[in-house]
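Trainee: Could you have a look at this structure, given as structure tokens, before my questions?
Given below as structure tokens:
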């Protein structure tokens, strides 16, 4: 079996997959090697035993203050695609669609995250031309490199298009640093937590259909962002999340971009999941008449 997040995981032909809190185990001896990952991300294979709810190796009690994880999950690619579509017919006419996708992977000292989103909506009355109310694209790729267990730098690329805001394109290139306060940190009383904060600088190039204030050569902006994730211990398969970022222009502080979201992802059955979120975006100087 595996020893992960304070639990013993093993499969039984009669009882199926079992998870038992180590704190509830009086003793357990096994001749299987387990991987111990330390705070500096180094690893070591040891034969671990359980005595009175605590882990022991061949030298005695395992000092958990220096341990990051036991039997850590194998590094692999993760991802998901969420699709939504709605159509209405009758006295009113409407179509709306959304595609949201994510691909990510965590290595020992690197982390890669790629996001894609497309949103479209139109509505009107029967027998009349419909009005397009949403037509938006966004693609973002971000790489983090950890120099210490909690300290990292990042590179960020993003492209956006929003025809309702007369935004033909917005390119963004960023560089900065971050601090990972919590990464898959498990608290027995509450569950698993993630939280990080970032500061950086971005170069932004915008192309509007109707905006006299656009800087043709782009502009420089500072960036603050954070990400919060929480998986409660009481309900399996649910993750709550919140993200926020703000980018003020360095030579015109009253001009800024901001974005935030809050929501949850819930596993329904097999590999199907539900994504529900509120998303807020603000542009202090959009195109004229927008």
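Numbering (the working numbering), first residue to last: 2 to 291.
Heads up, the beta-carbon is just placed ideally off N, CA and C, and yes, glycines get one too.
Mind checking residue 35: buried by the 16 CB within 10 Å criterion, or exposed?
Mentor: Taking a 10 Å sphere around the C-beta of residue 35, we find 16 or more other C-beta atoms and assign the residue as buried.
Trainee: List the DSSP bridge partners of residue 150.
Mentor: According to DSSP, which records beta bridges pairwise, residue 150 is partnered with nothing at all.
Trainee: Mind checking whether residue 94 and residue 125 have CB atoms under 7 Å apart?
Mentor: yes
Trainee: Could you tell me the distance, in whole angstroms, from the CA atom of residue 205 to the CA atom of residue 59?
Mentor: 56 Å
Trainee: What residue range does the beta strand (DSSP E) around residue 83 cover?
Mentor: 78–89
Trainee: What are the complete beta strand (DSSP E) segments, minimum 3 residues, inside the stretch 202–273?
Mentor: 220–233, 239–250, 253–270
Trainee: Between 76, 158, 77, which lies nearest to residue 116 when the distance is taken from Cα to Cα?
Mentor: 158
Trainee: If we count Cβ pairs, one from each stretch, closer than 8 Å, do we get three or more for the stretch 243–252 versus the stretch 212–232?
Mentor: Short answer: they touch.
Trainee: Can you name the residues that DSSP bridges to residue 306?
Mentor: The structure shown has nothing for residue 306, since the chain only spans 2 to 291.
Trainee: Whether or not the stretch 278–288 and the stretch 256–267 are in contact is what I'm after, with contact meaning three or more pairs of Cβ atoms, one per stretch, closer than 8 Å; do they touch?
Mentor: yes
Trainee: Quick one: what does DSSP say residue 23 is sitting in, helix, strand or coil?
Mentor: helix
Trainee: How long is the line joining the alpha carbons of residue 142 and residue 229, rounded to whole angstroms?
Mentor: 18 Å
Trainee: Taking the alpha-carbon of residue 245 as reference, which of 61, 197, 268 has the nearest alpha-carbon?
Mentor: 197
Trainee: Could you tell me the distance, in whole angstroms, from the CA atom of residue 189 to the CA atom of residue 114?
Mentor: 28 Å
Trainee: Output the boundary residues of the beta strand (DSSP E) element that contains residue 99.
Mentor: 93–107
Trainee: Quick one: give me the first and last residue of the beta strand (DSSP E) that residue 75 is part of.
Mentor: Unbroken run through residue 75: none, as it is neither H nor E.
Trainee: I'd like the span of the beta strand (DSSP E) that includes residue 291, first residue to last.
Mentor: Looking at the DSSP string, residue 291 is not in any beta strand (DSSP E), and its letter there is neither H nor E.
Trainee: Applying the 10 Å Cβ sphere with the 16-neighbour rule, what's the burial state of residue 272?
Mentor: The residue is exposed, with fewer than 16 neighbouring Cβ atoms inside 10 Å.
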